[in-house]
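To keep things clear, I will list the structure first and then write my remarks on it.
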Amino acid sequence: MTRLSVHRESHLVQRVGWMRAAVLGANDGIVSTASLVVGVAAAGSSKQAVLVAGVAGLVAGAMSMAAGEYVSVSSQSDTEKADLARETAELAGDPEAERRELAGIYESRGLEPALARQVAEQMMAHDALGAHARDELGISEVMMARPIQAAVTSAATFAVGAALPLVAVVLAPVGVVTPVVAVTTLAALALLGLAGARTGGAAALRPVVRVVFWGAVALAVTAGIGALFGVAV
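Numbering (the numbering used here), first residue to last: 71 to 303.
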């Protein structure tokens, strides 16, 4: 008798949790720090003042990203835990009603009533809470909220992204800090959009155009404000 082998596939959606936080952190790090640097430089500040402002923005932004991601994803996690606790109580109180509910879900997805009941019985016998979490609540291992992972990923990628315009400030000759940072930023955003698209298995053009466009808008606005209201330091 031939043993059937289990074929396990790796799907791109399994990356969505950390990838969303990573792309958000890196994009925010590049855009916010570069915009801050360009705005301060356009105000006529010295190169040293621009660099100090950029470093402060990196540290503050990374901490803000970590805190914001942790709080927001923790709220999602709390909601998931509350739903699972309620479902656990319902399974303990009236398992037959929960079986009928699960069968109704399978039937609405196209199974014949008899087969839907049979599948519901087998799924509940194997893992009742898991079946209801996945098929009734839409909670799965892949999509489950992970606050610490989101916070660490966002903070780390923000810092990496924010470091790029700071390196550009250090290397740029005096008097051309703004254009050097702008070009470096747009190139980095294009690479980020490309990397995100490749990681997620999507076409590259739209993500690249999207991040470059909004990055250019942010740089233009802050440079304009700095030039309009700034004074030399």
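Built from N, CA and C at the ideal position, the CB exists for glycine as well.
Would you decide whether LEU275 is buried or exposed? Buried here means 16 or more other CB atoms lie within 10 Å of its CB.
exposed
C-beta atoms of ALA150 and ILE218 nearer than 8 Å
Checking the sequence shown, residue 150 turns out to be Glu, not Ala. Cβ atoms of GLU150 and ILE218: not closer than 8 Å.
Among the candidates ARG216, VAL247, VAL246 and ALA173, whose CA atom is the shortest distance from the CA of GLU139?
ARG216
Between which two residues does the alpha helix (DSSP H) carrying GLY294 extend?
275 to 299
Roughly how many whole angstroms lie between the Cα atoms of ALA112 and ARG156?
56 Å
Shortest alpha-carbon distance to THR248 belongs to which of ASP98, SER102, ALA267 and VAL107?
VAL107
First and last residue of the alpha helix (DSSP H) that includes GLY124?
117 to 163
Excluding the 5 residues flanking ALA123 on each side, which residues of the same chain have their C-beta closer than 8 Å to its C-beta?
LEU106, VAL107, VAL110 and SER115
Classify ALA229: buried if its beta carbon has 16 or more other beta carbons within 10 angstroms, exposed otherwise.
buried
Spatial distance of LEU259 from ASP164 (CA atoms)
54 Å
What does a CB cutoff of less than 8 Å around ASP197 pick up in its chain, not counting 5 residues either side in sequence?
none
Span of the alpha helix (DSSP H) holding VAL244?
Looking at the DSSP string, VAL244 is not in any alpha helix (DSSP H), and its letter there is neither H nor E.
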